[in-house]
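Chains C and V supply the protein sequences, listed in that same order. Under the numbering used here, the first residue of the first sequence carries the number 721, and numbering increases by one thereafter. Under the numbering used here, the first residue of the second sequence carries the number 76, and numbering increases by one thereafter. Every residue gets a Cβ at the ideal spot worked out from N, C-alpha and C, and that includes glycine. Keep in mind the model is a prediction, meaning the values are calculated, not measured. Single-structure report; data block below.
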Amino acid sequence: MLGTVAPLQANLSTVLVQIVILSSLYALVALGFTLIFGVGGVLNLAHGANITIGAFVAFVVSSQMGYGGFVGLAAAFVLTGLLSGAYYLGLIKRIQDEPIMVMIITLVTAVAVEEVIRFVYGSQPKVLTLLSGRVNIGGSTVTFTQLVAFALSALLIVGMFAFVNYTRQGKALLATSMSHKGAALVGIEANRINLLVWVGAGALAGAAGVFLGSIQGASWAMGRAPLVLSFSIVVLGGIGSIRGSVLGAFVVGTLEILTVQYVDSSLTGLTPLLVLVAVLLLRPEGLFGRELVEA
Amino acid sequence: MDSDEGTTRGRQVKRRRFLEATGAGVAGVTLAGCVSTGGDDGGGGDGGSTGDTDSGGGTTTGTASGGSLPDTVSIGVLAPEPSSNPIGASIANAAELAVTQLNEEGSGPEFEVSVKDTREQPDEGRSKYRELTIGEEVDMTTGIFTSEVLLAVLDDIANQQTVHMTTGAATPEASARVRDDYESYKYHFRTGPLNAYQLGVNMIDFLEAKQSDLGWESVAVLVEDYEWTKPVSQALDDEIDRAGVEVAMQERYASGTENFTPIYDQVESSDADAALIAMAHTGTPAVVQWAKQQRPFEFGGIHVPMQLPSYYEATSGACNFGVTQNSATPQSEVTEKTVPFSEAYNEQYDSYPVYTGYITFDAVKQYADVVQQAGSVEADAVVSGLEESSFLGTAGTIEYYPPDNEFAHDVVYEEGKVDPVFQQWQDGNQEVIYPDDLTTADYQKPSWL
């Protein structure tokens, strides 16, 4: 009896609450990755490293320096964003037209960041504290930290929509994502837009890292799973589409919870990949693939 | 695989038998290293015997065999990431500390130690093992935390015919090999922890003995789905009936699980009083989510990360009220050697050892004791010396099951020998709540219950 991995089977409202909470966190995790992929056209394999950096910045600021959880969150948001921008200017900018080089460099960066974190902080996980306390919603227990993650994620997603659709900078960003040449022809400086995107993506990843560090613990290898997750979500949703990524995050989050609850928890990692294969076969451009036009 | 310690108690073992012996036996014992040495001495006070009431105060360890000891005895240590992983660091540092103490005592040959990093990878472990045995020609090896690494190295141990004393990996597969093919595998000993089956038995013993203090009438059994927990699950299946608790739910959850909300919701709805756990790799998200979500059930069993003395700080106190089995804690006087070792370790390395440190320290000291008694580092002499040895270490009195036992060459789990403690984190301290003669505090329910 103990040998079997049994499904859990909770009731519907519990499952819905779990889906919303988990998916919004996943959306936050994937958003930065989709931005860089969509606008810059490069695959940033150091996205997971940004998540790790964010978590450890928050750990240093909130736990070691004693400034508290929210200062740590703000520091992670700002510092990871700045670091990501500096990384773009220092390294990526000069090789951004060579996708293979970008993949290699970002992969090397990801490994290097892991090794540095492991060297400095050891392999023992750290846990961040944002808020203590919990509420019961629809039969499922939700911590205040998860609620903050949900609220912030929703806020950032709405903010991003507004930015892209209603500001000049945002429209320029959208234009660049559609066609570099076209954007250049109307006087949009792609490098500035790219810098903006890298800073924004880093900041989002930093915040996601704080929530992951607070919910699951922060360790040197914590960026790996989110990177794979982001990849699935982004391909599912349609490369470069914010709407698609949010939807992709909900599809992946829903599948994960449903698999744990009703099928078999050991298959959790597999189901999103199966869906990914199905999407690639049936609708290779992703759910919102229209937005990907390239040049 | 990895990990954990515990005590094993074979079913045939009588649990209460040795309590009174411990104190008496311990008092007369000398440190392993201070003992006489040399090949010609076999009788004098060996270090380590002790605690064994049957022996009438003498030593039970080997006899002088007339061999000759080399000037230098080299010990190879296999540790996972000793520079960053506290478990690996404890293995490496404890071996070095043991050797330093042996050399300072200066009564025997010069001991030296060579540390290699297995990186928890079977192939890496195997090549490091060969470097040690073929390249450096060490006289014995110790360490190995990961069961997969141990299984990969077992055949090499047989081929090299070099004594290996495991101090971390818990797979019972190793002892089964010793029993099934003694001539080939007799060089393997497990100084600790208990093998994984006995770890499960030890949990049941704890539940049975502490039932009235814990007040757990029903439990939800949560076990992570890794190789090392299979024997643990088997032991729980076999013996949980005698613990007198109802099993409200059983979940063998997927390896790599990071989101425990669905599982904990289910535990809540099962109305279990406590989660009875076996966790190593997934332990941190599990305990953090239990504490932060203030789940209305208690939490205890085997939780490897909680054994680390620095864990409270690392989790910002999230492990408070969690219970886990452990070989020893820095303040627990499992034997008279426990606290002096943890203090010496802290002085030297500025941190307290993890359980693998106690076990490795014991392995090196016991080995030194046996070779000095036998007067030889020749493998067959050492194997029979270890089989007969009864050595007072920091984690208990170390003896090994005989070759025909189902757990051949594993450390004997028995009260008065090796009998792991159960600790509870209480406001930053690892308080021992079991066994009764070592308790430093009473069990406390989580503050939110």
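Where residue i meets chain C, residues with beta-carbon distance less than 7 Å
| i | result |
| --- | --- |
| residue 533 of chain V | Only positions 76 to 524 of chain V appear in the structure, and residue 533 of chain V is not among them; the question remains open. |
| residue 156 of chain V | 843 |
Neighbour-count burial assignment, residue i, 16 or more Cβ in a 10 Å radius
| i | result |
| --- | --- |
| residue 510 of chain V | buried |
| residue 889 of chain C | exposed |
| residue 143 of chain V | exposed |
| residue 252 of chain V | buried |
| residue 733 of chain C | exposed |
| residue 324 of chain V | buried |
| residue 993 of chain C | exposed |
| residue 99 of chain V | Note that residue 99 of chain V has pLDDT 35, beneath the 50 cutoff, so the model's placement of it is unreliable and the number below is only indicative. Label assigned to residue 99 of chain V: exposed. |
| residue 475 of chain V | buried |
| residue 846 of chain C | buried |
| residue 513 of chain V | buried |
| residue 327 of chain V | buried |
| residue 161 of chain V | buried |
| residue 784 of chain C | exposed |
| residue 386 of chain V | buried |
| residue 477 of chain V | exposed |
Chain C contact for residue i (CB, 8 Å cutoff)
| i | result |
| --- | --- |
| residue 299 of chain V | no |
| residue 329 of chain V | yes |
| residue 505 of chain V | no |
| residue 277 of chain V | no |
| residue 213 of chain V | no |
| residue 138 of chain V | Its pLDDT being 39, under 50, residue 138 of chain V is placed unreliably by the model, and the measurement read from it follows with that caveat. No, no contact with chain C. |
| residue 334 of chain V | yes |
| residue 191 of chain V | no |
| residue 367 of chain V | yes |
Residue range of the alpha helix (DSSP H) that includes residue i
| i | result |
| --- | --- |
| residue 792 of chain C | 789 to 807 |
| residue 918 of chain C | 910 to 935 |
| residue 966 of chain C | 962 to 978 |
| residue 898 of chain C | 888 to 898 |
| residue 203 of chain V | 197 to 205 |
| residue 737 of chain C | 732 to 755 |
CB contact flag (residue i, residue j, <8 Å)
| i | j | result |
| --- | --- | --- |
| residue 338 of chain V | residue 297 of chain V | yes |
| residue 497 of chain V | residue 400 of chain V | yes |
| residue 225 of chain V | residue 241 of chain V | yes |
| residue 927 of chain C | residue 872 of chain C | yes |
| residue 470 of chain V | residue 409 of chain V | yes |
| residue 147 of chain V | residue 185 of chain V | yes |
| residue 440 of chain V | residue 468 of chain V | yes |
| residue 796 of chain C | residue 774 of chain C | yes |
| residue 366 of chain V | residue 395 of chain V | yes |
| residue 347 of chain V | residue 293 of chain V | yes |
| residue 329 of chain V | residue 988 of chain C | yes |
| residue 221 of chain V | residue 239 of chain V | no |
| residue 947 of chain C | residue 748 of chain C | no |
| residue 910 of chain C | residue 921 of chain C | no |
Residue i - containing beta strand (DSSP E), residue span
| i | result |
| --- | --- |
| residue 240 of chain V | 238 to 241 |
| residue 508 of chain V | 504 to 509 |
| residue 328 of chain V | 321 to 328 |
| residue 263 of chain V | 263 to 265 |
| residue 217 of chain V | 215 to 218 |
Residues that residue i contacts on chain C, provided the C-beta gap is smaller than 9 Å
| i | result |
| --- | --- |
| residue 370 of chain V | 854, 861 |
| residue 383 of chain V | 844 |
Any C-beta of chain V under 8 Å from that of residue i
| i | result |
| --- | --- |
| residue 738 of chain C | yes |
| residue 980 of chain C | yes |
| residue 725 of chain C | Any reading at residue 725 of chain C must be qualified, since the residue scores a pLDDT of 47, below 50, and its modelled position is unreliable; no value is offered. |
| residue 734 of chain C | yes |
| residue 801 of chain C | no |
| residue 974 of chain C | no |
| residue 793 of chain C | no |
| residue 873 of chain C | no |
| residue 784 of chain C | no |
| residue 742 of chain C | yes |
| residue 774 of chain C | no |
Within chain V, the residues that residue i reaches when beta carbons sit closer than 7 Å
| i | result |
| --- | --- |
| residue 988 of chain C | 329 |
| residue 985 of chain C | 328, 329, 332 |
| residue 937 of chain C | 359, 360, 363 |
Neighbouring residues, chain C, relative to residue i (Cβ below 8 Å)
| i | result |
| --- | --- |
| residue 339 of chain V | 861 |
Interface residues of chain V facing residue i [CB-CB closer than 8 Å]
| i | result |
| --- | --- |
| residue 847 of chain C | 359, 363, 389, 390, 391, 393 |
Interface partners of residue i on chain V, CB under 9 Å
| i | result |
| --- | --- |
| residue 865 of chain C | 367 |
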